[in-house]
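Just so you know, the sequence shown maps onto residues 1 to 80 in the UniProt record's numbering.
A short worksheet on the structure shown next.
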Amino acid sequence: WQFGANGQCVRIPSVSKKSNTASLICARTVPVHEQYGFIWVWAGKRELADSSLIPHDLFADVQNANGEFLLSPEDSCYLD
1 WQFGANGQCV
11 RIPSVSKKSN
21 TASLICARTV
31 PVHEQYGFIW
41 VWAGKRELAD
51 SSLIPHDLFA
61 DVQNANGEFL
71 LSPEDSCYLD
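Put into structure tokens, the structure is as follows:
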């Protein structure tokens, strides 16, 4: 599924482009910030989002890290 920046669904690959199903779906949006190769999500109040709170030395103690991380090895989203 593909969503626009406003949370509106713009495409569902398994549904015909002629269908208006995607236009009926909308997701809640939250502030995000891309830094250090990660997407940081602010889950609190939107007006309090502050990218300066992202820790600069988060991975300073990691030995032999090559910058590649796998957070979830499986895709369990099979809704359509």
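For each residue, glycine too, the CB sits at the ideal point set by N, CA and C.
From the options, pick the residue whose C-alpha is nearest to that of residue i; which is it?
{"i": "GLY44", "options": "ILE12, ALA5, GLY7, PRO31", "result": "PRO31"}
{"i": "LEU24", "options": "HIS33, ALA49, PHE3, VAL41", "result": "PHE3"}
{"i": "PHE38", "options": "HIS56, SER19, ILE12, CYS9", "result": "HIS56"}
{"i": "ARG46", "options": "TYR36, ASN20, THR29, SER16", "result": "THR29"}
{"i": "LEU58", "options": "TYR36, TRP1, VAL41, ASN20", "result": "TYR36"}
{"i": "CYS9", "options": "LYS18, VAL15, LEU48, ALA22", "result": "ALA22"}
Going by the DSSP bridge assignment, what does residue i pair with across the sheet?
{"i": "ILE12", "result": "DSSP, once it has assigned bridges, lists no residue as partnering ILE12."}
{"i": "HIS33", "result": "TRP40"}
Just how far apart, CA to CA, sit residue i and residue j?
{"i": "GLY7", "j": "LEU53", "result": "25 angstroms"}
{"i": "ALA27", "j": "ASP50", "result": "22 angstroms"}
{"i": "TRP40", "j": "TRP1", "result": "21 angstroms"}
{"i": "ASN20", "j": "ALA5", "result": "19 angstroms"}
{"i": "ILE12", "j": "GLU34", "result": "25 angstroms"}
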